[in-house]
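Everything on this sheet refers to the single structure shown next.
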Amino acid sequence: MRLGGLFCAFFMYSAALGQSLPEPRFKEYAVLEQYTGPQAAARLKPGTAAWSFRTRIREAARQKPNFAGHYVLATWGCGAECLSFAIIDVKTGAVHFDDMSLCCWFSPALPEKPEDFEPVRFRLNSRLVIMTGMLNEEGRNAPHYFQFEHGKLAAIR
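Residue numbers are given in UniProt numbering: position 55 of the sequence shown equals residue 55, and the series is strictly consecutive.
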């Protein structure tokens, strides 16, 4: 009888662990400020990884903020079904470049995609970024959740 109770408890615990967590929502990472002032030019340093993409980054820095209140999140192709990105602070010109890529979002692992599918989702009024695919061509082909904080993208899970 005791063994049956232990088995039942273990089974219930295992089932609870297997349940997926709810997807983070943009409003949980809300930003109140939405900058409308003059925009600074992108500050890039020769010899850095971002320097290789200076034309794309400079073009993006001239756009209106589209992310986290006063940033431009810019993406560009880095091969077949591959994106690189940078985050530019339009107030200061600071460029946040991780040298991280996102790829492989159209694969058997994610067969059904809505017509309006975007591999990188973000909002002007939120610090949340959702990237769907494989990061740096490794690991799971799935949604990855990040929050932008202190000039860096930090994985939520």
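Glycine is no exception: its CB is placed at the ideal position from the N, C-alpha and C atoms.
Since we're looking at a predicted model, the values are computed, not measured.
Looking only at C-alpha atoms, which of Pro65, Asp99, Ile156 sits nearest to histidine 144?
-> Ile156
Give a yes or no on whether 9 Å exceeds the smallest Cβ distance from threonine 132 to chain B.
-> Protein chain content of the structure displayed is limited to a single chain, and chain B is not contained in it.
Would you identify the three-state DSSP class for tryptophan 105, choosing helix, strand or coil?
-> coil
Whole-angstrom distance between phenylalanine 53 and glutamate 23, CA atom to CA atom = 32 Å
Where does lysine 91 fall in DSSP's three states?
-> coil
Expected contact under 8 Å - CB spacing of asparagine 125 and alanine 30 to nearest Å | Right, the Cβ-Cβ distance comes to about 6 Å (below 8 Å), so this counts as a contact.
Does DSSP put alanine 80 in a helix, in a strand, or in coil?
-> coil
For alanine 61, is the classification buried or exposed, using 16 other Cβ atoms within 10 angstroms of its Cβ as the cut-off for buried?
-> buried
Own chain residues within Cβ distance below 8 Å of proline 65, not counting five before or after = Taken in chain order, the residues that qualify are Gln34, Tyr35, Tyr71, Val72, Val90, Leu124.
Shortest alpha-carbon distance to glutamate 149 belongs to which of Leu128, Val95, Ala49, Leu135?
-> Leu128
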